[in-house]
Amino acid sequence: MAWPCRGSPLAVAMRVGAVLRLCSRPELRYQQGQRPEPGIREYFYYVDHQGQVRGDW
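Here it is in structure tokens:
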């Protein structure tokens, strides 16, 4: 199987799926609003109604 183009919807879905699998690991716990350690920057991403990945950058 050939890999999809980098910006294609399938490629984005594959990356989002990989992130969701990583973030759903049982040993990872996060409560939104908690304070990170000093020097840690948090990024929040979401998929809008058009399927575009958005973030707080």
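Reading the sequence shown from the start, the letters are residues 5 to 61 in this note's numbering. Just so you know, even glycine gets a beta-carbon here, dropped at the ideal spot from N, CA and C.
Assigned secondary structure, residue i (DSSP; H/G/I helix, E/B strand, else coil)
i          : result
residue 59 : strand
Beta-carbon proximity check, residue i vs residue j, cutoff 8 angstroms
i          : j          : result
residue 55 : residue 47 : no
Sequence-distant residues of the same chain with beta carbon closer than 6 angstroms to residue i, five excluded per side
i          : result
residue 52 : 58
Close beta carbons around residue i, own chain, < 8 angstroms, minus the five adjacent residues each side
i          : result
residue 50 : 57, 58 and 59
Same chain only: Cβ atoms within 7 angstroms of residue i, ignoring 5 sequence neighbours per side
i          : result
residue 16 : 57
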